[in-house]
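For the sequence shown, this note's numbering assigns the number 11 to the initial residue and increments by one for each residue that follows.
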Amino acid sequence: MRFSTLMKHPADWMSGKNNEVVITSRIRLARNLSDMPFPGWAKKAERIEAMEQMRTKVEALKVMKNGFSHELSDLEPLQKQVLVERHLISREQAARGQGSAAVVDRGQRLSLMINEEDHLRMQSIRAGLHLREAHALLSKVDAALEKELSFAFDDELGYITACPTNLGTGMRASAMLHLPALVLTEQVGQVLQAVNKIGLAVRGLFGEGTESLGHMFQISNQATLGESEEAIISRLERVISQIVTHETNARQKMLEDDQAQLSDKIGRAYGILKHATIFDSKEAFAHISILRMGAALGFFPQGTMQVCDTMMMDIQPAHLQLHAGAELEPSERDRIRAEILRGRLQTMDAPAISILTNHIVDGGDTTDDLNFDNE
11 MRFSTLMKHP ADWMSGKNNE VVITSRIRLA RNLSDMPFPG WAKKAERIEA MEQMRTKVEA
71 LKVMKNGFSH ELSDLEPLQK QVLVERHLIS REQAARGQGS AAVVDRGQRL SLMINEEDHL
131 RMQSIRAGLH LREAHALLSK VDAALEKELS FAFDDELGYI TACPTNLGTG MRASAMLHLP
191 ALVLTEQVGQ VLQAVNKIGL AVRGLFGEGT ESLGHMFQIS NQATLGESEE AIISRLERVI
251 SQIVTHETNA RQKMLEDDQA QLSDKIGRAY GILKHATIFD SKEAFAHISI LRMGAALGFF
311 PQGTMQVCDT MMMDIQPAHL QLHAGAELEP SERDRIRAEI LRGRLQTMDA PAISILTNHI
371 VDGGDTTDDL NFDNE
C-alpha cells in the first residue's frame with residue numbers, strides 16, 4: 011500500500027460506536043531480538059540487518075496483507091509527522107532514519123514499529139473501551155512472530171527491553187478519554203490525581219511530554235514487571251470505567267443544573283467554528299471538543315461524533331500541510347485550518363438547543379467518592 015492510499019482511508023477506530031468518553035483503547039508490546047544489540051546501541055549496519063530480518067516476517071503476517079510498509083528513511087519528514095498524528099508511529103521513531111521501518115495494516119488497527127527504542131514496538135488500537143479485543147489481536151501477532159524470531163526473554167525478568175520500565179510483560183495498556191465535562195466543572199484535577207496515586211500514568215494527546223488538547227487525556231499502566239497482562243488490563247478497565255461514570259455524571263449534572271449555559275457553550279462553539287477565519291490548534295480542538303460532547307448529549311444528529319473525530323485529525327499541522335501540498339508557516343496553517351472547519355460546518359446541522367435529553371445515566375454527584383482501588 012502506498013502512503014497516498016493509506017491517507018485516503020480513515021482509521022477503523024474513527025468510525026467506531028460507543029466511544030462517547032473512551033475514544034480508543036490501545037495495547038502496545040515491546041520486544042527485542044535475543045542476538046542483536048538494542049537499536050540505540052547498534053551500529054548502522056546492525057540496525058539495517060535487524061530491520062530486514064524483522065520486516066520480512068512482519069509483512070508475511072496474514073493480517074498485514076496489502077498493508078503499508080516503508081522504511082522511515084524513504085519517507086519525507088512531513089509524511090512521518092502525519093503517521094505520528096495518526097498514532098501509527100511515535101515521535102521518537104519519526105526522528106529515526108535508516109534501519110527503522112513502519113508496517114501498518116489496511117484498517118490502521120495494527121502498527122508495528124521496527125527499530126524504535128526497542129527492535130519491535132507492536133500496537134493495536136480499538137474504538138471505545140475494548141482493551142481485551144486489542145490485546146487478543148496483538149497476542150496473535152506476538153505469538154506468530156515469536157515462532158519466527160528469537161525474542162530476548164529471562165525467566166525472572168520476563169521480556170528484556172531497552173528501558174527497564176518496560177521489563178516483564180513489555181506491555182503498555184492505555185485508553186484515550188474525552189473529559190470535557192470534568193474539565194469545565196473543574197473536577198478533572200481531582201480525578202487525575204486519584205489516578206496517579208494508584209500508579210497509573212496520565213499523559214496528553216501524543217503521549218509522554220505532550221499536553222492535553224480538546225479535553226483528551228491518555229491513561230495507561232506504568233508498571234510492567236511483576237504483574238500479568240490480565241491483571242494490568244483488569245485494573246485499567248476498572249479505573250477507566252469509574253472515570254467514564256464520573257464524566258457521564260458531570261455531563262448529566264450540567265444538563266440538570268443549567269441547560270441554558272450548556273446550550274450556550276455548544277451553540278457558541280458551533281457558531282465560532284462555522285464563521286471564524288483563523289484558528290490555532292488549541293482553540294480549534296477546544297471548540298470541536300464541545301461539539302463532540304454536544305453530539306453525545308443528543309444536540310446533534312447521529313454520526314456527528316465521528317465527524318468531530320475526523321475534523322480533529324484533519325486539522326493537525328502535518329495533515330494540513332499534506333492537504334495543501336506544501337510546507338506552511340503557522341499563520342498560514344491557522345488560516346487553512348479555519349477554512350477547512352468552515353467547510354465542514356456548512357453541512358453540519360445546527361445544535362438542537364431545545365432538546366432535553368434523558369438517555370444519560372442518572373448519576374448524582376460526580377467526584378465526591380473517588381475510589382480507584384488497586385485490588
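Note that beta-carbon positions come from the ideal geometry of N, C-alpha and C, so glycine has one too.
Rounded to the nearest whole angstrom, the C-alpha separation of Q232 and G117 is 28 Å. A contact between stretches requires three or more CB pairs, one per stretch, nearer than 8 Å, and the stretch 271-284 fails this requirement with the stretch 235-253.
Rounded to whole angstroms, the gap between the alpha carbons of L167 and A185 is 26 Å. The alpha-carbon separation between L177 and A334 amounts to approximately 43 Å.
L283 and P311 have their C-alpha atoms spaced approximately 17 Å apart.
In this chain, the beta strand (DSSP E) harbouring T34 covers 32-41. Taking a C-beta distance under 9 Å as the contact criterion, R101 and R119 do not qualify as a contact pair.
By the Cβ rule, the stretch 156-163 does not count as touching the stretch 255-275, because fewer than three pairs are nearer than 8 Å. Within the same chain, Cβ atoms closer than 6 Å to the Cβ of D128 are found at A40, N42, T171, A172, the five residues on either side in sequence being excluded.
Take D319, set aside five residues on each side of it, and the residues of its chain with a beta-carbon closer than 6 Å to its own are M24, in chain order. For R57, the closest alpha carbon among the candidates R96, M315, L130 is that of L130. The beta-carbon separation of A360 and I325, rounded to 21 Å, does not stay under the 8 Å limit for a contact. The beta carbons of S160 and A111 sit about 19 Å from each other, so the pair does not count as a contact at 8 Å. For the pair of segments examined, the stretch 44-62 was found not to touch the stretch 138-148: the number of CB pairs separated by less than 8 Å stays below three. Relative to the Cα of D84, the nearest Cα in the group G109, K75, E95 belongs to G109. Note that the stretch 203-213 touches the stretch 225-241; at least 3 beta-carbon pairs, one per stretch, sit closer than 8 Å. At a cut-off of 4 residues, the continuous stretches assigned as alpha helix (DSSP H) that sit fully inside the stretch 196-270 are 198-207, 239-267. A Cβ-Cβ distance of about 5 Å is found for the pair L192 and E257, placing them in contact under the 8 Å criterion.
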